[in-house]
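Okay, so the sequence shown: first residue is 1467 according to the working numbering, each after it adds one.
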Amino acid sequence: MDKLDSKHWSEIKEVSAKSSWTFRFMRFVAHLPRPIIIVITAVISFFFFLGAKPVRKNSRIYLEKLSKCKGTKQPSWVDCYKHVLCFSIQMFEKILSWMGKLEISNLKKNEGCQNLQDSLTSGHGAFLFCSHLGNIDMFRSLSDDGKQKGIKGLHVYPIVDFSGTSKFNNLLRELNPELMDHVIDAKNIGVDSVIWIKEKIDEGGLIVIAGDRTSPNTQNRTLTAPFLGEEANFPEGAFTLASVIGAPIYFGFGTRSKNFNLNSTYEFNIYKAKTQFTGTRKERKLQIRQLLEEYIALVENACEKHPYQWYNFYNFWNK
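Shown next, in the form of structure tokens:
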């Protein structure tokens, strides 16, 4: 087995981690007109793509599994490049989001999103599962924290694992330190954190967590389930946390309608979980499994609609 394939995602070095000039350059480019941003991103992504064999390999693994499930032709190197380009554009989306330049008016919301929004504005908090498909930071545009122009009084609290992305996160912190104050470090989740999370939900806050990456601190605590035709590991802790919080649970995806256009309409698709947590401890375990299956089905569907916007560039199916 390739050494890279045996690594946990958190052990893979951050892109351009040897220096921070790349992210400084991105910060400068983010102030340029968006068509120019796309051109610069396309050129840089192409040269990165040529020199990043592990990224090309893992992109192809994912795209091949997806094409097999869809019954479409196998991906070419062009498809893998498009995948990398989409990821690069998403990094600029994050920067623009933290700079307060992603307007709520640019969002196309489904009925589930409107239902969640109505619930939050009435003071009822919620727990939302997202994924590394699309832009997780898009959910901040629902909030009026910092420079955002979203729903007045709404606070969004993402649970984030910063492993492997310290330099990029430092850049985001510089862009908007107020938003970073609302981020929960996944590595420090404990009893006190759970109590704090419950308090924020009781105050009408939205807790957001990605359900598609296992924790580097608890690699043995995983839930295994089929994803795109093959068994993969998912974080047990995230789904267990949702089960004990006692708040309404939702699944959400924030994606670009057009893959390679920063002026594209942004889509929010949010779905309320059907799984209800009641009964004995044994029943709760079954309900956690049901919640995971609901989540996977929605992620698979989102991957089919937006195949280039899934950003797990490691071997997701590694055992």
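Glycine included, C-beta positions come from ideal geometry on N, C-alpha and C.
Where does residue i sit, in a helix, a strand or coil, going by DSSP?
| i | result |
| --- | --- |
| ASN1767 | helix |
| GLU1665 | helix |
| PHE1491 | helix |
| LYS1567 | coil |
| LYS1613 | Reliability of the predicted coordinates at LYS1613 is poor, the pLDDT of 47 falling under 50, and the value obtained from them is presented with this limitation in mind. If DSSP states are grouped into helix, strand and coil, LYS1613 belongs with coil. |
| PRO1501 | helix |
| LEU1843 | Examination of residue 1843 is not possible in this model, given that the chain is present from 1467 through 1785 alone. |
| PRO1624 | strand |
| PRO1541 | coil |
| GLY1591 | coil |
| LEU1672 | strand |
| LEU1728 | coil |
| PHE1787 | Missing from the structure shown is residue 1787; the chain here goes from 1467 to 1785 and no further. |
| ALA1708 | helix |
How big is the Cα-Cα spacing for residue i and residue j?
| i | j | result |
| --- | --- | --- |
| ALA1518 | PHE1779 | 11 Å |
| HIS1590 | PHE1719 | 20 Å |
| HIS1598 | PRO1701 | 13 Å |
| TYR1547 | TRP1564 | 26 Å |
| ALA1411 | GLU1760 | Residue numbering for the chain in the displayed model covers 1467 to 1785; residue 1411 lies beyond these limits and cannot be assessed. |
| GLY1612 | LYS1539 | Confidence is the limiting factor: at GLY1612 the pLDDT is only 44, short of 50, which leaves the residue's position unreliable, though a coordinate-based value still follows. Rounded to whole angstroms, GLY1612 to LYS1539 spans 45 Å at the Cα level. |
| VAL1839 | ASP1545 | Limits of the chain in this structure are 1467 at one end and 1785 at the other, which puts residue 1839 out of reach. |
| GLY1578 | THR1741 | 16 Å |
| SER1723 | THR1731 | 6 Å |
| ASN1784 | LYS1751 | 24 Å |
| GLN1753 | PRO1714 | 14 Å |
| CYS1769 | ILE1762 | 10 Å |
| ALA1708 | MET1557 | 28 Å |
| ILE1667 | GLY1600 | 25 Å |
| ALA1496 | ASN1727 | 14 Å |
| PRO1541 | LYS1534 | 10 Å |
Name the two residues that bound the continuous beta strand (DSSP E) containing residue i.
| i | result |
| --- | --- |
| ARG1722 | 1715–1722 |
| LYS1531 | Careful: LYS1531 lies outside any beta strand (DSSP E), inside the alpha helix (DSSP H) at 1519–1536. |
| ALA1691 | 1688–1693 |
In the DSSP assignment, find the unbroken alpha helix (DSSP H) run with residue i in it and report its ends.
| i | result |
| --- | --- |
| LYS1653 | Taken as a continuous stretch (DSSP letters only), LYS1653 belongs to no alpha helix (DSSP H), as it is neither H nor E. |
Return the bridge partner residues of residue i from the DSSP annotation.
| i | result |
| --- | --- |
| TYR1780 | According to DSSP, TYR1780 bridges with nothing at all. |
| PHE1734 | LYS1575 and GLY1720 |
| PHE1700 | LEU1689 |
| CYS1546 | Beta-bridge pairing links CYS1546 to no other residue. |
| CYS1552 | Paired residues: none, contrary to the question. |
| LEU1599 | TRP1776 |
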